[in-house]
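According to numbering that gives the first Met the number 0, the stretch in the sequence shown is residues 0 to 168, in order.
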Amino acid sequence: MFQPLSTFGFLLEPIYTYIQAKFSDQTITVSNSSKEDLIRHGFDSAKIHIISEGLENKPLKNILDSLPKEKVFTILFHSSLRAMKRPMEVLKVFSIFSKKYPDSQLWISGGGDQRRLKKYATKHGFINQVKFFGRTTDKQKFELMQKAHVLCATSIKEGWGLIVSEVNS
């Protein structure tokens with residue numbers, strides 16, 4: 000996001016959160032951990048209701064033909080490229096990992112600004128081991144999940160991201 004706008008949003012968040020907490024009749028969230036966060040921010044516990052995210056339980060093998068794993072050890076990071084999802088931390092860890100395992104690769108899939116991430120990988124000498132896919136369709140996402148060896152989920156604001164359940168299907 001454009002820096003002045005994201006800073007403006009960051010500064011306004013406590014204000015609109017307070018307004019929502021004080022004037023909302025009911026609040027819906029997706030997990031107990033999110034409910035606890037809302038309570039810490041002043042929401043009334045009795046007015047918070049949990050509705051879990053829907054998840055299709057079709058195994059990937061029923062959605063796609065079985066795809067072989069990559070020959071090179073592959074780590075997949077699939078998320079929007081926002082600070083709370085911590086894509087830069089993934090690159091920092093991969094920078095260390097790739098020195099010990101130079102034949103490994105990192106796939107980054109998801110919408111958002113890639114420039115800072117590409118600059119970091121270039122500066123630290125492992126850009127040739129990183130592939131950026133940008134925003135992907137569900138089919139492309141599931142193909143990447145099947146081919147990768149490991150999913151890296153680093154979000155700091157999710158209790159159990161939907162992506163974790165998807166990759167295990």
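Heads up, the beta-carbon is just placed ideally off N, CA and C, and yes, glycines get one too. Since this is a predicted model, take the numbers as computed values, not measurements.
| Query | Result |
| --- | --- |
| Bounding residues of the beta strand (DSSP E) (the contiguous stretch that carries Ser44) | From DSSP, Ser44 is part of no beta strand (DSSP E); its letter is neither H nor E. |
| Boundaries of the alpha helix (DSSP H) in which Lys84 is found, first to last residue | From DSSP, Lys84 is part of no alpha helix (DSSP H); its letter is neither H nor E. |
| Span of the alpha helix (DSSP H) around Ile155 | Segment: none, Ile155 is in no alpha helix (DSSP H) and carries neither H nor E. |
| Residue interval of the alpha helix (DSSP H) (run including Ile50) | Here Ile50 belongs to no alpha helix (DSSP H), and DSSP marks it neither H nor E. |
| Nearest residue (CA-CA) to Ser94, options Asp112, Ala147, Val129 and Ser108 | Val129 |
| Test item: CB-CB of Leu66 and Lys146 under 7 Å | yes |
| Leu75 classed as buried or exposed, judged by whether at least 16 other C-beta atoms fall within 10 angstroms | buried |
| C-beta contact flag for Gly124 and Leu80 at 7 Å | no |
| Strand pairing of Lys130, partner residues [DSSP] | Trp106 |
| Arg85 burial status per 10 Å Cβ neighbour count (16 or more: buried) | buried |
| DSSP state of Phe141 mapped onto helix, strand, coil | helix |
| Length of the line joining the Cα atoms of Ala82 and Lys70 | 31 Å |
| Boundaries of the beta strand (DSSP E) in which Thr121 is found, first to last residue | From DSSP, Thr121 is part of no beta strand (DSSP E) but of the alpha helix (DSSP H) over Arg114 to Lys122. |
| Simplified DSSP state of Thr135, which is helix, strand or coil | coil |
| Euclidean distance between Cα positions of Glu88 and Gln113 | 14 Å |
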